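Enquirer:
Numbering (the numbering used here), first residue to last: 29 to 627.
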């Protein structure tokens with residue numbers, strides 16, 4: 029009988045192997061015995077042996093200057109033949125406020141070792157007294173900025189540390205963008221890059237410390253961030269294919285994938301995969317890739333079409349196995365519905381529809397229409413645009429509060445408002461022109477007065493995009509940037525997950541500043557067939573850097589007190605410079621700097 033299944037097929041690895049780079053810890057933060065501090069420092073710096081006496085209990089806290097991912101390596105010798113010494117190793121992202129008496133989790137200054145404490149999972153290693161030399165190294169990499177090492181030596185055995193080091197590891201993204209600007213801009217960019225790289229390994233991850241899962245919504249943003257510093261799309265192509273491989277019989281994709289089994293599904297996340305596919309087309313124009321996957325986009329859109337209610341809005345999804353999550357918003361929790369109501373607008377349950385689902389669906393229809401146009405599927409383009417317009421009409425008819433001039437979280441959901449709905453109303457063209465400008469100003473500046481639920485760090489990326497589209501970006505730049513400035517003040521070296529939920533200190537979806545610096549401040553907007561540079565010279569008074577453009581080439585852009593924008597390209601290329609609303613078409617010659625003045 030023929031086999032029912034083909035044998036497992038091996039295919040070439042689509043991404044490079046992850047490097048492992050030997051590193052040393054940067055210093056000692058705390059020590060249970062002050063007389064041992066110098067000994068620990070010499071051990072970390074020079075591999076000078078550090079002996080812990082039999083019968084002693086020692087605790088030391090050490091640091092890496094920035095949060096990192098890597099393989100820990102401890103090398104030590106056991107002296108004695110009695111009971112084995114025990115080593116406990118706790119990896120932590122930061123110092124936190126005391127939770128020992130049941131206080132809610134909270135963080136302020138992440139370096140506050142004086143009153144803060146380290147919390148996290150602990151590895152326990154029991155030394156082998158039959159071996160004079162022991163080596164500890166976990167199978168999987170750890171995420172850490174701080175380590176607490178607790179060593180308990182029994183009365184009959186001592187322990188000598190010969191080295192405590194680690195090998196840092198993350199995806200080897202070839203970076204060709206560099207930034208040198210004000211101290212603030214430099215910190216925003218370097219912290220964003222560190223965040224992104226720590227969330228890239230064999231896959232993209234939401235965060236390296238906790239789930240280490242590749243979520244579709246998170247990853248869409250992370251890919252866009254990576255395109256600002258590198259022209260390599262190897263991991264992007266792998267990511268797109270992995271979500272394609274997760275497609276379900278209902279047309280949706282798995283919310284996070286690869287995963288060990290079918291989990292709770294967030295329908296809206298499948299729409300972000302459509303955005304992901306369109307982003308790749310814009311940056312790389314690989315129409316063969318788009319053609320391969322466009323059918324999956326059709327299936328996702330058909331699923332949402334099947335959820336339209338009598339008002340023409342996206343209604344409720346299937347209850348079983350579905351989480352109608354939108355964003356981590358503190359107000360969005362319905363206790364009687366349990367965990368699966370977290371991050372879900374209350375109007376979804378109370379009114380049978382959440383406006384934001386319809387708007388994101390309409391935006392995805394427009395994205396798919398652009399891809400269909402590129403593929404010559406003009407009839408489908410027309411269909412998708414008509415479907416999008418129908419959704420938008422339904423939103424404007426049933427979900428707009430005429431009296432207050434703002435969109436509701438659901439049809440008839442009086443008093444329930446959020447930044448999210450206003451953001452996607454602008455992005456989906458439910459509102460435009462002066463009305464969009466007014467709406468976005470109110471969304472940002474009158475949020476508390478109007479009672480709008482606040483967009484998280486993840487959704488702030490789309491808040492920035494809506495500000496751009498409404499033409500108020502420079503007006504609200506300082507206000508939108510304030511959460512990231514606060515994180516810098518709290519001494520983070522990567523961007524945190526959320527303001528409303530204090531947990532992860534490294535979340536890829538929060539690396540928005542690197543996108544803003546490249547695409548909006550320097551203003552490099554490079555698609556497959558054109559490169560525009562639209563610098564916002566009034567927002568940042570000095571800038572110098574080299575920025576990746578389509579094809580993997582670079583353009584050097586700088587300006588400062590001379591009130592000149594200077595451009596230099598790595599090869600001959602044509603660019604359009606828009607300087608204070610004046611458009612200039614330029615032929616840049618390889619290596620030759622050209623200057624353009626403003627007044």
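A virtual CB, placed ideally from N, CA and C, is assigned to each residue, including glycine.
Predicted, not measured: the structure shown is a model, and the values here were computed from it.
Tell me whether residue 306 sits in a helix, a strand or coil according to DSSP, three-state version.
Expert: Residue state, collapsed to three classes: helix.
Enquirer: Quick check on residue 510: buried or exposed, where buried means 16 or more other Cβ atoms within 10 Å of its Cβ?
Expert: exposed
Enquirer: Considering only residues of the same chain and omitting the five flanking positions on each side of residue 29, which have a CB-CB separation below 6 Å?
Expert: Caution is warranted here: a pLDDT of 45 is assigned to residue 29, below 50, making its placement in the model unreliable, and no coordinate value can be reported.
Enquirer: Given that a residue counts as buried once 16 or more other Cβ atoms are within 10 Å of its Cβ, and exposed if not, what is residue 488?
Expert: buried
Enquirer: Decide if residue 45 is buried, meaning its Cβ has at least 16 other Cβ atoms within 10 Å, or exposed.
Expert: exposed
Enquirer: Please state the DSSP three-state secondary structure of residue 449.
Expert: helix
Enquirer: Take residue 180 and list the residues in its own chain whose beta-carbon comes closer than 7 Å to its own, dropping the five residues that flank it on each side.
Expert: 85, 113 and 114
Enquirer: Tell me which same chain residues have a C-beta within less than 6 Å of the C-beta of residue 245, skipping the five on either side of it?
Expert: 297 and 300
Enquirer: Got a sec? Which residues, its chain only, sit under 7 Å from residue 389 by beta carbon, not counting five neighbours each side?
Expert: 299, 332, 342 and 419
Enquirer: Kindly list the residues whose CB is nearer than 6 Å to the CB of residue 541, restricted to its own chain and excluding five residues on each side of it in sequence; keep chain order.
Expert: 216, 220 and 512
Enquirer: Let's test the definition: count the other Cβ atoms within 10 Å of the Cβ of residue 535 and tell me whether it reaches 16, buried, or not, exposed.
Expert: Result: buried.
Enquirer: Would you kindly work out how many angstroms separate the C-alpha atoms of residue 368 and residue 232, rounded to a whole number?
Expert: 24 Å
Enquirer: Quick one: Cα of residue 19 to Cα of residue 159, how far?
Expert: It is not possible to answer for residue 19, since the shown part of the chain is limited to 29 through 627.
Enquirer: Relative to the C-alpha of residue 123, which candidate in 103, 157, 172 and 100 has its C-alpha closest?
Expert: 172
Enquirer: CB residue 266 to CB residue 42, shorter than 7 Å?
Expert: yes
Enquirer: Within the continuous beta strand (DSSP E) that includes residue 339, where are the two ends?
Expert: Taken as a continuous stretch (DSSP letters only), residue 339 belongs to no beta strand (DSSP E), as it is neither H nor E.
Enquirer: Might you give, ordered along the chain, the residues of its own chain that have their beta carbon closer than 6 Å to the beta carbon of residue 303, omitting 5 neighbours on each side?
Expert: 248 and 395
Enquirer: Which word fits residue 500, buried or exposed, when buried means at least 16 other C-beta atoms lie within 10 angstroms of its C-beta?
Expert: buried
Enquirer: When the Cα atoms are used, what is the spatial distance from residue 561 to residue 550?
Expert: 7 Å
Enquirer: Helix or strand or just coil, what does DSSP make of residue 171?
Expert: strand
Enquirer: Looking only at C-alpha atoms, which of 443, 433 and 478 sits nearest to residue 462?
Expert: 433
Enquirer: Relative to the C-alpha of residue 519, which candidate in 138, 57 and 109 has its C-alpha closest?
Expert: For residue 519, the nearest C-alpha among the options comes from 138.
Enquirer: In terms of alpha-carbon separation, which member of 565, 203, 142 and 602 lies closest to residue 557?
Expert: 602
Enquirer: Looking only at its chain, what residues have a beta carbon closer than 8 Å to the beta carbon of residue 131, apart from the 5 residues adjacent to it on each side?
Expert: Within the same chain, Cβ atoms closer than 8 Å to the Cβ of residue 131 are found at 125, the five residues on either side in sequence being excluded.
Enquirer: For residue 179, which beta-bridge partners are listed by DSSP?
Expert: 86 and 115
Enquirer: Express the C-alpha separation of residue 385 and residue 605 in angstroms, rounding to a whole number.
Expert: 37 Å
Enquirer: According to the neighbour-count rule (16 or more other Cβ atoms, all chains shown, within 10 Å of its Cβ), is residue 366 buried or exposed?
Expert: Label assigned to residue 366: exposed.
Enquirer: Residue 468: which of 502, 441, 485 and 439 sits nearest, CA to CA?
Expert: 502
Enquirer: To the nearest angstrom, how far is the alpha carbon of residue 617 from that of residue 250?
Expert: 32 Å
Enquirer: Determine the DSSP secondary structure at residue 284, reduced to helix, strand or coil.
Expert: strand
Enquirer: Return the chain-ordered list of same chain residues with a C-beta closer than 7 Å to the C-beta of residue 398, the five sequence neighbours on each side being excluded.
Expert: 306
Enquirer: Within its chain, find whatever has a CB closer than 8 Å to the CB of residue 319; leave out the 5 residues flanking it on each side and keep chain order.
Expert: 403
Enquirer: Among 129, 383, 508 and 372, which has the Cα closest to the Cα of residue 336?
Expert: When each option's Cα is compared against that of residue 336, the closest is 383.
Enquirer: So what does DSSP say about residue 292, is it helix, strand or coil?
Expert: coil
Enquirer: Just mark residue 49 as buried or exposed, buried being the case when its beta carbon has 16 or more other beta carbons within 10 Å.
Expert: exposed
Enquirer: Mind checking which residues open and close the alpha helix (DSSP H) that includes residue 331?
Expert: 315-333
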